[in-house]
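Input: a single structure, listed below in structure tokens.
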Amino acid sequence: MTLTNRQAATLCVALSVCGLLLVPTNFPGLSGDARLTLVVFALATCAWIGTPIDDTYVALGAGLALTITGVVSADTLFATLGDQTVWLLICAFVLAAAVARSGLAARAAAFLVTGARTVRQLTHLTTAALVVTAFAIPATSGRAALALPVFLALARALAGRPRLVVALALLFPTVILLSAVATLIGAGAHLITVSVLWESTGERIGFHEWLLLGLPLAVVSSHLAAEVVLLTTTRRADRRGPVHLAVEDIQRHTEQRVTGPLSQAETRCAGLLASVVLLWCSEPLHGVPPALVALIGAVVITAPALGTIRLKDALATVPWSLLLFMAATMAMGVALADSGAAGWLTSGLPGDATVPAWLFLAVVVTVSTAAHLVLQSRSARSSVLVPLVVASAAACGVDPVAAALASTAAAGFCHTLPASAKPVALFADVPDTPTYTPRDLLRLSAVLGPLTAALVLAFALAVWPLLGVAP
């Protein structure tokens with residue numbers, strides 16, 4: 006087997022790190038469990054970066070290695086599957102399957118975009134519709150799959166304006182990725198972040214808290230990105246022409262019904278989804294955990310007489326691989342904290358009197374924004390970065406919650422290459438439809454990358470402190 010340059014470099018780094026850690030005389034302040042944890046963590050990170058092995062397989066192997074060596078107990082490893090965040094994601098996918106089956110999401114999107122009369126209106130109404138889907142569909146890949154038929158209908162209705170179609174093709178994945186930060190269920194990486202914070206600091210971020218901090222950032226970053234897409238992809242002549250889209254134009258190009266009165270299934274779905282989101286947001290008033298609310302909603306939406314989808318069909322849409330990945334990486338996070346490995350990694354950092362909070366956060370945001378060039382999986386990026394960020398923040402006197410949120414939000418930028426994120430890859434290859442090229446992505450990323458990093462840093466330093474999370 007011939008190794009690529011990237012694989013060879015990754016293998017050399019992994020072997021070098023492991024060799025240094027396994028020599029007992031090196032790093033005298035490091036315990037045996039901490040050495041084993043860092044070896045496993047380094048090998049897993051290098052496997053995620055430089056090999057085509059499935060991310061979940063690597064995470065499970067790492068979790069198993071930590072358990073067999075006694076760094077974490079078997080109970081700790083298996084208990085992660087019962088974590089509230091795992092149940093929240095399972096039930097959210099069941100709810101999302103019911104919404105997708107009913108056609109409610111496609112109808113809402115069509116209703117919004119057909120109100121546009123100019124290119125800029127179409128762009129921002131599409132952006133608003135995509136931001137709203139973050140409340141109904143967990144995970145960015147699921148939202149991209151749901152939005153693809155709507156994009157195809159728009160592309161066919163605007164077939165005479167290819168540059169505008171390319172801009173829309175670029176807009177959909179861009180907004181899907183940036184708006185995920187709006188909700189706790191927007192990406193699996195968010196649940197990993199919440200779990201790491203809980204295990205490391207004892208602080209648990211609820212749905213309403215994440216919504217309060219993430220939704221404003223999602224709205225601002227998504228609409229700014231929409232303007233950047235327009236300016237970097239279209240010409241002035243493309244933006245000047247009027248847009249005439251009727252609901253019938255969308256209906257002709259999609260199998261789901263987007264006209265006429267709501268069906269009984271759509272009405273039940275809309276009512277249940279609104280109730281679940283309302284209960285999530287009002288958790289401080291009633292005290293019912295978000296995972297329990299989601300479970301109630303999932304049971305109701307799949308009930309034989311009342312539901313709109315069978316439980317068996319809904320469970321088939323759950324990304325079990327992602328759930329196993331989350332559980333295994335939670336165990337890795339526990340090992341980093343309990344073995345003392347995370348504390349040892351941050352022990353050499355200067356105290357809070359030396360490192361200003363803005364400088365620490367700027368480094369965190371910069372590294373997290375660029376991390377997609379090395380780690381393509383968003384969940385893997387959070388699994389590697391967030392435990393180190395949380396430990397480093399505590400050592401430097403920075404609020405770990407602010408640092409973890411900034412890192413997770415910045416990691417949502419992953420637009421540079423088609424392989425950087427599943428939604429980008431999905432919309433990059435649409436048969437019989439003009440779409441973007443790698444050159445278009447690079448042009449967009451050159452502007453959007455620094456802009457996203459600056460915006461996240463501005464929120465961490467100026468906006469989130471007003472909402473109770475100061476660095």
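Counting with my numbering, you get residues 6 to 476 for the letters of the sequence shown. All residues carry an ideal CB built from backbone N, CA and C; glycine is no exception.
Supposed close pair residue i, residue j - CB separation, criterion 8 Å
i	j	result
residue 392	residue 399	Not quite, the Cβ-Cβ distance comes to about 11 Å (not below 8 Å), so this is no contact.
residue 194	residue 47	Not quite, the Cβ-Cβ distance comes to about 21 Å (not below 8 Å), so this is no contact.
residue 71	residue 336	6 Å
residue 409	residue 395	5 Å
residue 302	residue 281	4 Å
residue 441	residue 430	About 11 Å; that fails the 8 Å criterion.
residue 213	residue 285	7 Å
residue 365	residue 403	5 Å
residue 420	residue 450	5 Å
residue 243	residue 316	Their Cβ separation, rounded to whole angstroms, is 47 Å, which puts residue 243 and residue 316 out of contact at 8 Å.
residue 437	residue 171	At roughly 14 Å, the Cβ-Cβ gap does not stay under 8 Å, so residue 437 and residue 171 are not in contact.
residue 428	residue 146	6 Å
Per-residue burial, residue i [other beta carbons within 10 Å of its own, 16 or more giving buried]
i	result
residue 36	exposed
residue 87	exposed
residue 291	exposed
residue 73	exposed
residue 54	buried
residue 6	Bear in mind that a pLDDT of 48 at residue 6, under 50, signals an unreliable position, so the model cannot answer this.
residue 471	exposed
residue 412	buried
residue 378	exposed
residue 318	exposed
residue 21	exposed
residue 314	buried
residue 383	buried
residue 325	exposed
residue 279	exposed
residue 112	buried
residue 78	exposed
residue 9	exposed
residue 277	buried
residue 381	buried
Where residue i falls: helix, strand or coil (DSSP)
i	result
residue 455	helix
residue 361	coil
residue 6	Its pLDDT being 48, under 50, residue 6 is placed unreliably in this model, and the value from its coordinates should be taken loosely. If DSSP states are grouped into helix, strand and coil, residue 6 belongs with coil.
residue 468	helix
residue 38	helix
residue 405	helix
residue 434	coil
residue 441	coil
residue 418	coil
residue 181	helix
residue 315	coil
residue 88	coil
residue 280	helix
residue 165	coil
residue 210	coil
residue 156	helix
residue 388	helix
residue 82	helix
residue 59	coil
residue 423	helix
residue 240	coil
Per DSSP, the bridge partner or partners of residue i
i	result
residue 123	247
Residue i beta carbon near the ligand ADP (any heavy atom closer than 7 Å)
i	result
residue 454	Among the components modelled here there is no ligand, and therefore nothing to report on the ligand ADP.
Option nearest residue i by Cα separation, candidates the options
i	options	result
residue 321	103, 50 and 66	103
residue 163	179, 137 and 127	127
residue 224	170, 211, 202 and 179	179
residue 136	152, 313, 125 and 123	152
residue 80	333, 342 and 441	333
residue 83	329, 473 and 58	329
residue 192	235, 181 and 144	144
residue 130	116, 146, 140 and 141	116
residue 173	236, 50 and 373	236
residue 425	341, 443, 438 and 437	443
residue 18	28, 51, 33 and 64	51
residue 304	14, 78 and 101	101
residue 323	69, 85 and 93	93
residue 461	381, 240, 106 and 418	418
residue 298	367, 89, 156 and 456	89
residue 310	98, 273 and 342	273
residue 371	454, 99 and 76	454
residue 39	369, 14, 401 and 350	350
residue 414	452, 435, 456 and 397	456
Cutoff 8 Å: residue i Cβ touching any chain C Cβ
i	result
residue 230	The structure shown has no chain C; it contains just one protein chain.
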